[in-house]
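2 protein chains.
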Amino acid sequence: MEDQPFPSVWTRPRRSGRAQPALSREQIVAEALRLLDSEGIEALSMRRLGAALNAGATSIYSHVSNKDELIELVIDEVYGEVEVPEITDPSAWREAAGALARELRATILRHPWIISVLDELGLSYMGPKLMNLSEGMLNLFEAAGFGLVEADQAGKFLLGYVLGTASTEAAVLTRLARTGWDERAWSESVRAAATALVRTHPRMSALYAAQEHREPDEFRESSFTYGLERALDGLEIRLRALRS
Amino acid sequence: MEDQPFPSVWTRPRRSGRAQPALSREQIVAEALRLLDSEGIEALSMRRLGAALNAGATSIYSHVSNKDELIELVIDEVYGEVEVPEITDPSAWREAAGALARELRATILRHPWIISVLDELGLSYMGPKLMNLSEGMLNLFEAAGFGLVEADQAGKFLLGYVLGTASTEAAVLTRLARTGWDERAWSESVRAAATALVRTHPRMSALYAAQEHREPDEFRESSFTYGLERALDGLEIRLRALRS
DNA sequence: GCGAGTTTGCGAACAGTGTGCGGACGACCG
DNA sequence: CGGTCGTCCGCACACTGTTCGCAAACTCGC
Numbered sequence: 001m002e003d004q005p006f007p008s009v010w011t012r013p014r015r016s017g018r019a020q021p022a023l024s025r026e027q028i029v030a031e032a033l034r035l036l037d038s039e040g041i042e043a044l045s046m047r048r049l050g051a052a053l054n055a056g057a058t059s060i061y062s063h064v065s066n067k068d069e070l071i072e073l074v075i076d077e078v079y080g081e082v083e084v085p086e087i088t089d090p091s092a093w094r095e096a097a098g099a100l101a102r103e104l105r106a107t108i109l110r111h112p113w114i115i116s117v118l119d120e121l122g123l124s125y126m127g128p129k130l131m132n133l134s135e136g137m138l139n140l141f142e143a144a145g146f147g148l149v150e151a152d153q154a155g156k157f158l159l160g161y162v163l164g165t166a167s168t169e170a171a172v173l174t175r176l177a178r179t180g181w182d183e184r185a186w187s188e189s190v191r192a193a194a195t196a197l198v199r200t201h202p203r204m205s206a207l208y209a210a211q212e213h214r215e216p217d218e219f220r221e222s223s224f225t226y227g228l229e230r231a232l233d234g235l236e237i238r239l240r241a242l243r244s
Numbered sequence: 001m002e003d004q005p006f007p008s009v010w011t012r013p014r015r016s017g018r019a020q021p022a023l024s025r026e027q028i029v030a031e032a033l034r035l036l037d038s039e040g041i042e043a044l045s046m047r048r049l050g051a052a053l054n055a056g057a058t059s060i061y062s063h064v065s066n067k068d069e070l071i072e073l074v075i076d077e078v079y080g081e082v083e084v085p086e087i088t089d090p091s092a093w094r095e096a097a098g099a100l101a102r103e104l105r106a107t108i109l110r111h112p113w114i115i116s117v118l119d120e121l122g123l124s125y126m127g128p129k130l131m132n133l134s135e136g137m138l139n140l141f142e143a144a145g146f147g148l149v150e151a152d153q154a155g156k157f158l159l160g161y162v163l164g165t166a167s168t169e170a171a172v173l174t175r176l177a178r179t180g181w182d183e184r185a186w187s188e189s190v191r192a193a194a195t196a197l198v199r200t201h202p203r204m205s206a207l208y209a210a211q212e213h214r215e216p217d218e219f220r221e222s223s224f225t226y227g228l229e230r231a232l233d234g235l236e237i238r239l240r241a242l243r244s
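Those protein sequence lines, which keep their order, are chains L and V. Under UniProt numbering, the first residue of the first sequence is numbered 1, with each subsequent residue one higher. Under UniProt numbering, the first residue of the second sequence is numbered 1, with each subsequent residue one higher.
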């Protein structure tokens, strides 16, 4: 980090050395998260991360065995941002589930790089923060009136929808950030391309024409809300069937 | 490719040369897809792909400007595998939508590497095969009774659920393939880990205990079906409300 | 107080990546 | 026949994750 004109044995400054432990796993994970949020997935290299920590790249390996493991830790950290509402009154379930879904979406959109790392999630669900999230979700849906096993399925259903939808949104956002485009201009160009295909794809071109004057982000959000309501409706009629 | 003892100008075999065009975009995409399916995402390097085509790595760049562009082409190819059912009778919509959802899930699970490339999907929806898919989906939901704009939202809802759920499944599968584990053994170890957390996570440990003797893949599928039914229910009551 | 052992930091090196450059070559057009 | 064009590809560059081995510093038993 601090450059050294003569890297000779004598001139060595303080060897940076072992002053205090200097590096900790928490620090590393936090810095990785900051790097990811500000510059995206391809900015996270071990060398850059090391530099950001005023350390060498390989120093990280004392606290984390792998880049994959590091990413798992970061992902679990992100899961920790999601707060699961607690309810006692079963009639409050719908609002609570909706709030959970919205918060999960917001979390994904706050860290859009997470979708390029989705294939690591298969194991990371053993992470403590995700365990808490799952536990809270089971709690929520049990309080709503589902049995334990069905509460799990209901939760997976809702989270599946949110994950799929928000992933698509995040893909658009990262693409825009990478190319430096504006979301409005981009959707204009898509609309133009779609309207050029009237003959083969009449509904698509009609669809884009109908949405000419909508703000893209407001449109994305209202689409999300539409699906969320349908999902909650589906759960609600199932709950009604269970009660009778 | 064919090794040459003396790479001198005279001894040169036939320079392989320009016999026939030898490489085409279709060929490259097909070979990339084969490579991805058989060995996963990290096996796809330009050098390996070139070698698989009996060509040099950089030859590919004449037909495709980028690795990212190549991946977009491959993704669109995969979308082409999804067949959208056509209906005329509105009452057949539920079955048709369910079939579409199942087929999309099957397609994702057939190409599980696709989730590690999800962040490219943001633009690739301009690909012709995906356009066809979208057009067909709009058709389906319009025939079911939705207006054009709402048909789009309904389709995004259903596909969002499928994408999210199948992504999670694919993540598990690729993880297993990478580590060489068996799905059954893996779910056993997860269950063991979960039951050890009774104090802090009672519902999770109870949940895993209750599912001790289920076959993991059958369980995944039934969870998917559960969510699919809820999603279709949600759409159905909306349709009923529209009709009255 | 002091040597032994463990932990941490890190420079060098290795195998591998995507891709720009420039040359070579075959095919086609005038 | 000459020139231009598109394709093929070896080389090189800047980068990646990770291993190895060594040096420094902290911890602990005596």
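Glycine included, every Cβ here is placed at the ideal spot set by N, Cα and C.
Burial state of residue i, where buried means 16 or more other Cβ atoms lie within 10 Å
| i | result |
| --- | --- |
| V/E151 | The amino acid occupying residue 151 of chain V in the given sequence is Ala; Glu does not appear at that position. Buried is the call here. |
| V/S167 | buried |
| V/P112 | buried |
| V/R240 | exposed |
| V/G227 | buried |
| L/R184 | exposed |
| V/M126 | exposed |
| L/A97 | buried |
| residue 247 of chain V | The structure shown has nothing for residue 247 of chain V, since chain V only spans 1 to 244. |
| L/A192 | exposed |
| V/E39 | exposed |
| V/E26 | exposed |
| V/A222 | Checking the sequence, you will find Ser at residue 222 of chain V rather than Ala. V/S222 is exposed by the Cβ-count criterion. |
| V/R214 | exposed |
Nearest-angstrom Cβ-Cβ length linking residue i and residue j, presumed shorter than 8 Å
| i | j | result |
| --- | --- | --- |
| L/K156 | V/T165 | 7 Å |
| V/L118 | L/L70 | Rounded, the Cβ-Cβ distance is 20 Å, inconsistent with contact. |
| V/D68 | V/L130 | 16 Å between Cβ atoms; not a contact. |
| V/T107 | V/V64 | With 8 Å as the limit, V/T107 and V/V64 do not qualify as a contact, their Cβ atoms being about 23 Å apart. |
| L/A52 | L/L35 | 6 Å |
| V/L176 | L/R203 | Rounded, the Cβ-Cβ distance is 40 Å, inconsistent with contact. |
For residue i, the nearest candidate out of the options (CA to CA)
| i | options | result |
| --- | --- | --- |
| V/G80 | V/R238, V/R178, V/N132 and V/M46 | V/N132 |
| L/L242 | L/S205, L/F141 and L/F224 | L/F141 |
| L/L138 | V/L33, V/E135 and V/A206 | V/A206 |
| V/A154 | V/Y61, V/I115, V/L235 and V/H63 | V/L235 |
| V/A32 | V/W186, V/I114 and V/E95 | V/I114 |
| L/Y61 | L/S24, L/S222 and L/D37 | L/S24 |
| V/I41 | V/V74, V/S59 and V/Q27 | V/V74 |
| L/R220 | V/G160, V/A92 and V/R94 | V/G160 |
| V/R102 | V/A43, V/S59, V/V190 and V/T225 | V/T225 |
| L/S116 | L/L49, L/S222, L/L44 and L/A92 | L/L44 |
| L/R94 | L/T179, L/S189, L/L158 and L/S222 | L/L158 |
| L/N54 | L/N66, L/I28 and L/E72 | L/I28 |
Close Cβ partners of residue i (< 8 Å) along its chain, the five nearest in sequence each way excluded
| i | result |
| --- | --- |
| V/L109 | A166, E169, A170 and L173 |
| L/P90 | A143, A144 and G145 |
| V/T195 | S205, Y208 and A209 |
| L/L121 | I75 |
| V/I87 | W93, A96, L140, A143 and A144 |
| V/P128 | D76 |
| L/I237 | none |
| L/G178 | Note that residue 178 of chain L corresponds to Arg in the displayed sequence, not to Gly. So the list reads G40, once near-sequence residues are dropped. |
Chain-order list of residues whose beta-carbon lies under 6 Å from that of residue i (same chain, five-residue window excluded)
| i | result |
| --- | --- |
| residue 258 of chain L | Any property of residue 258 of chain L remains undetermined from this structure, which presents chain L solely from 1 to 244. |
| L/R15 | Confidence in L/R15 is poor, its pLDDT being 38 and thus under 50, which makes the residue's placement unreliable; the coordinate value appears in the next sentence. Nothing meets the Cβ criterion. |
| L/L104 | V82 and V162 |
| V/Q4 | The pLDDT assigned to V/Q4 is 39, lower than 50, so where the model puts this residue is not dependable; a value taken from the coordinates is nonetheless given after this. Counting only Cβ-Cβ distances below 6 Å, and skipping sequence neighbours, we find nothing. |
| L/G136 | V84 |
| L/V190 | none |
Cutoff 7 Å; reference residue i; Cβ partners in own chain excluding five residues on either side
| i | result |
| --- | --- |
| V/A99 | P85 |
| V/P216 | E183, R184 and S187 |
| L/S59 | L23 and G50 |
| V/Q211 | F219 |
| L/W181 | none |
Would you be able to state if there are at least three C-beta pairs under 8 Å between the region 226-239 of chain L and the region 187-207 of chain L?
No, they do not touch.
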